[in-house]
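A.B. asks: Mind having a look at this structure? Questions to follow.
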Ligand code: SF4
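In the numbering used here, the protein residues as written are 618 to 983.
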């Protein structure tokens, strides 16, 4: 599917190279009176993860200098990379653009046998404040631009190329999940802009089936996403009882469960795809018999699967995770009602890269 490209980076001070698609680069080359093929060459470097013009070997030096002085070519700086015993890699980046300079965001690469998934951040901190979530405790500091979202993936691609994994795990980026720091659909400009670039047939060319946007349930934004970029959808559900979800996922007060239900029923799914309902099991808070019954009533088994997630504690968190055997029982309870439910194996827990653990532990670097 070809999407309307966007090159707008209104939140950035200089246009960001990683936010430019081929037509935009072609327009730039034309304006600079350069041959058209230069745009293709530059775009190929970008898609390989090379954003630094000095490394673009087939580009003349004068043009490289002009790129470097006219665009923000590297919107992120890699500050730290941590590797988990299970192969997961967590990357901490600092932003370069003036208003958010030095603010940190995180992305994670999760290698599996047949796929390599990058989990990206869409905001610095999060606009929402779910009380079980480590990112939520950071507060909100700003939306990432499309270029900054894409640059996380490009930096990880470059890192995997320069230092591939040595075991049997997948070495390249095949899937993208918007599940890192932030509520993606509270940053529609950055997320829609980045999707246009990820799905560009001349560029990274990732199909909608390989991209998942996770949201806490902003229903108008889900409708708009489905209308323009009908990628896979994951919902941070965490309770199917309004009174409880009002507390665990406070956006529920604005968009309660019935509204979410109607919205999910209308979401355009790709063939043989489903919506994932994410449910972090919290001891005593959402793992009781009435919680199970309400969840079973909420799920539309034809279109939705439940992903039960082990709670990853962080320092000062007010909740405890459900014991493993109780998680399995909860899953069995759903399965016995004809609902597909899995217990997600937590990856990268030893480096605080697992779900709900992402939070830049140093907020700023200079
Ligand atoms: S769970 Fe998601 S939406 Fe809620 S505070 Fe954390 S990052 Fe934000």
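Here a beta-carbon is modelled for each residue, glycine too, at the ideal position from N, C-alpha and C. Note that the coordinates shown come from a computational prediction; the quantities given were computed from them, not determined experimentally.
Is residue 800 close to ligand 1? I mean its beta-carbon at under 7 Å from any heavy atom of the ligand.
C.D. replies: yes
A.B. asks: Between residue 853 and ligand 1, is the CB less than 7 Å from at least one heavy atom?
C.D. replies: yes
A.B. asks: If residue 788 sits next to residue 771, beta carbons under 8 Å apart, how far is it from one beta carbon to the other, in whole angstroms?
C.D. replies: Wrong, their Cβ atoms sit about 16 Å apart, outside the cutoff.
A.B. asks: Which residue marks the beginning of the beta strand (DSSP E) containing residue 790, and which one marks its end?
C.D. replies: Run containing residue 790: none; DSSP gives neither H nor E here.
A.B. asks: Between the region 792-810 and the region 730-747, are three or more C-beta pairs nearer than 8 Å?
C.D. replies: When C-beta atoms of the region 792-810 are compared with those of the region 730-747, three or more pairs fall below 8 Å, so the two segments count as touching.
A.B. asks: Classify residue 670: buried if its beta carbon has 16 or more other beta carbons within 10 angstroms, exposed otherwise.
C.D. replies: With 16 or more Cβ atoms within 10 Å of its Cβ, residue 670 is classed as buried.
A.B. asks: Check whether the Cβ of residue 764 lies closer than 7 Å to any heavy atom of ligand 1, and answer yes or no.
C.D. replies: No, the Cβ of residue 764 stays beyond 7 Å of every heavy atom of ligand 1.
A.B. asks: May I ask you to report which of helix, strand or coil DSSP gives residue 952?
C.D. replies: Three-state DSSP puts residue 952 in a helix.
A.B. asks: If you run the structure through DSSP and keep just helix, strand and coil, what is residue 864?
C.D. replies: helix
A.B. asks: Would you kindly check if the distance between the Cβ of residue 877 and the Cβ of residue 836 is under 8 Å?
C.D. replies: yes
A.B. asks: Do you know whose CA, among 631, 922, 866, 907, lies nearest residue 889's CA?
C.D. replies: 922
A.B. asks: Please identify the residue among 932, 634, 931, 786 whose C-alpha is closest to the C-alpha of residue 662.
C.D. replies: 634
A.B. asks: Starting from residue 689, follow its DSSP beta bridges and name the residues at the other end.
C.D. replies: 633
A.B. asks: For residue 922, which of helix, strand or coil comes out of DSSP?
C.D. replies: strand
A.B. asks: Would you check if there are 3 or more beta carbon pairs closer than 8 Å linking the region 837-853 to the region 682-699?
C.D. replies: no
A.B. asks: From this set, 840, 845, 868, which residue's C-alpha is nearest residue 853's C-alpha?
C.D. replies: 868
A.B. asks: Are the CB atoms of residue 749 and residue 936 within a distance shorter than 8 Å?
C.D. replies: yes
A.B. asks: Is any heavy atom in ligand 1 found nearer than 7 Å to the beta carbon of residue 745?
C.D. replies: yes
A.B. asks: Do residue 861 and residue 929 have their beta-carbon atoms positioned less than 8 Å apart in this structure?
C.D. replies: no
A.B. asks: Quick check for students: name the residue ranges of the beta strand (DSSP E) that lie wholly in the region 823-909, counting only runs of 3 or more.
C.D. replies: Whole beta strand (DSSP E) segments, 3+ residues: 828-832, 849-853, 892-898.
A.B. asks: Could you spell out the range, first to last residue, of the alpha helix (DSSP H) harbouring residue 664?
C.D. replies: Unbroken alpha helix (DSSP H) run through residue 664: 654-664.
A.B. asks: Starting from residue 708, follow its DSSP beta bridges and name the residues at the other end.
C.D. replies: 698, 724
A.B. asks: With a CB to CB cut of under 6 Å and the five nearest residues on each side skipped, what residues in its chain are close to residue 791?
C.D. replies: 732, 733
A.B. asks: Confirm the yes/no value for this check: CB of residue 753, any heavy atom of ligand 1, distance under 7 Å.
C.D. replies: yes
A.B. asks: In the structure shown, what three-state DSSP assignment does residue 749 receive?
C.D. replies: It is coil, neither helix nor strand.
A.B. asks: For ligand 1, is there any heavy atom lying closer than 7 Å to the beta carbon of residue 663?
C.D. replies: Because no heavy atom of ligand 1 lies under 7 Å away, the Cβ of residue 663 does not count as near it: no.
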